[in-house]
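Just below is one structure, and these are the notes that go with it.
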Amino acid sequence: MEKIGMGRVEKYLKKKILEDGAVHLTLIDPEKTNPKNAEKVCVEAEKAGTGAILLGGSTLGSTSHLDSVAEQIKKSVSIPLILFPGNLTGVTRFADAMFFMSLLNSLNPYFFIDVQALASSTVKMYNIEPIPLGYIIMGSGGAAGFVGYARPIPYNRAEIAARYALAAQYLGMRFVYLEAGSGAEKPVPPEVISTVRREADKVVLVVGGGIRDGKTAEKAVKAGANIIVTGTIVEKTDSVGKKLNEIVGRIRRNV
Ligand code: 1GP
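In our numbering, the protein residues as written are -17 to 237.
Next up, the structure:
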């Protein structure tokens, strides 16, 4: 029984949120990179003050490719490596933790409970720390929405997202992720974030999808996001460090 509760990475994230006001996570999509490039991006991201590396994608086919990217990242940085799996292929023994996530607004039970059941014994065997997370897809939803059979919640229906988030809280999920979809034209609007924050007042609120600059990230944090995820900007920006510095600087309290 004494083993039940928060693990090391979750405690680290929560402490950092308390200290800094919010945490930034750098998302690496293994399909869009290779071990060498991932190392370069992660080293720059760590220097810029990102809190952890998230690793995963919706359409990943090869776990051996994921293994080689993850192993290289682990060798190169000291911040935690957290998995953000889109399917069974997204589990690697080189990770410290995993967003053990359920896609709450999927029409397909595979994505809210079956794939988790299939993955669970591997997560245990590799001693990966599971962080329970309710995943809610909004707006246009992107690839995650399509692959996950999601019924994305429209931005003008924030109260629906808030109810899903509160249900996740009552089901014991300690994190809720509002996802606009990778590369989304429109990120989750601040008024949606604040409605969800007011209702689900005990969860760590993660927001991602379409965030490309410090101003947007800061608005999301002011509306109640605790964690900001950005992925596409590290794929497309030459000066990754500069861009991430700007975002991390804007979301940290008193900076
Ligand atoms: C996608 O929320 C993440 O799952 C990050 O989105 O790639 O648009 O930063 P971007």
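Each residue gets a CB set at the ideal place from its N, CA and C atoms; glycine is no exception.
Because the structure is a prediction, the values reported are computed rather than measured.
Rounded to whole angstroms, what is the Cα-Cα separation between residue i and residue j?
i        : j       : result
Asn236   : Gly213  : Interpretation of Asn236 is limited by its pLDDT of 47, a score under 50 that renders its predicted location unreliable; the figure taken from the coordinates is listed afterwards. If I take the Cα positions, the gap works out to 25 Å.
Tyr137   : Arg179  : 15 Å
Gln35    : Glu141  : According to the sequence provided, residue 35 is Ile. The question's Gln does not apply to it. Cα to Cα, the separation comes out at about 31 Å.
Leu89    : Ile119  : 12 Å
Gly165   : Asn16   : 20 Å
Val216   : Val51   : 15 Å
Leu65    : Phe81   : 6 Å
Met107   : Ile10   : 24 Å
Tyr117   : Phe157  : 9 Å
Ile55    : Asp78   : 11 Å
Thr219   : Asp195  : 11 Å
Ala126   : Glu1    : 32 Å
Pro134   : Gly121  : 6 Å
Lys184   : Met83   : 17 Å
Leu86    : Phe94   : 6 Å
Gly3     : Ala132  : 31 Å
Glu167   : Val189  : 15 Å
Gly(-13) : Gly68   : 24 Å
Ile(-1)  : Ile209  : 8 Å
Ala182   : Thr74   : 31 Å
Arg139   : Lys57   : 43 Å
Phe76    : Ala27   : 19 Å
Ser44    : Tyr92   : 19 Å
Pro172   : Ile193  : 12 Å
Gly130   : Lys(-7) : 29 Å
Based on DSSP bridge pairs, tell me the residues matched to residue i.
i      : result
Thr214 : In DSSP, Thr214 forms no bridge with anything.
Val5   : Ile209
Gly116 : Ser84, Val158
Ala202 : According to DSSP, which records beta bridges pairwise, Ala202 is partnered with nothing at all.
Ala132 : Ser88
Ala79  : Ile64, Glu111
Note the first and the last residue of the continuous beta strand (DSSP E) segment covering residue i.
i        : result
Ala34    : 34 to 37
Ala190   : Per the sequence shown, the amino acid found at residue 190 is Gly instead of Ala. Looking at the DSSP string, the run of the beta strand (DSSP E) that includes Gly190 is 186 to 190.
Tyr159   : 157 to 161
Ile193   : Careful: Ile193 lies outside any beta strand (DSSP E) and carries neither H nor E.
Leu42    : Neither: Leu42 is in no beta strand (DSSP E) and is coded neither H nor E.
Ile(-14) : No beta strand (DSSP E) holds Ile(-14); DSSP gives it neither H nor E.
Leu89    : Taken as a continuous stretch (DSSP letters only), Leu89 belongs to no beta strand (DSSP E), as it is neither H nor E.
Ile64    : 63 to 65
Between which two residues does the alpha helix (DSSP H) holding residue i run?
i      : result
Ser122 : Where Ser122 is concerned, there is no enclosing alpha helix (DSSP H), given that its DSSP letter is neither H nor E.
Leu226 : 222 to 233
Ile175 : 172 to 181
Leu148 : 140 to 152
Leu100 : 97 to 107
Asn19  : 17 to 30
Under 9 Å between the Cβ atoms of residue i and residue j?
i      : j       : result
Val59  : Val222  : no
Ala149 : Leu187  : no
Leu70  : Val97   : yes
Gly206 : Ile113  : no
Ala30  : Leu160  : no
Gly33  : Ile61   : yes
Thr198 : Ala144  : no
Gly124 : Gly163  : yes
Glu111 : Val(-9) : yes
Measure the beta-carbon distance from residue i to residue j and round it to whole angstroms, keeping in mind my assumption that it falls under 8 Å.
i      : j       : result
Gly191 : Val170  : 7 Å
Val211 : Leu(-5) : About 12 Å; that fails the 8 Å criterion.
Glu13  : Leu42   : 6 Å
Val203 : Ile233  : 5 Å
Leu48  : Gly72   : 7 Å
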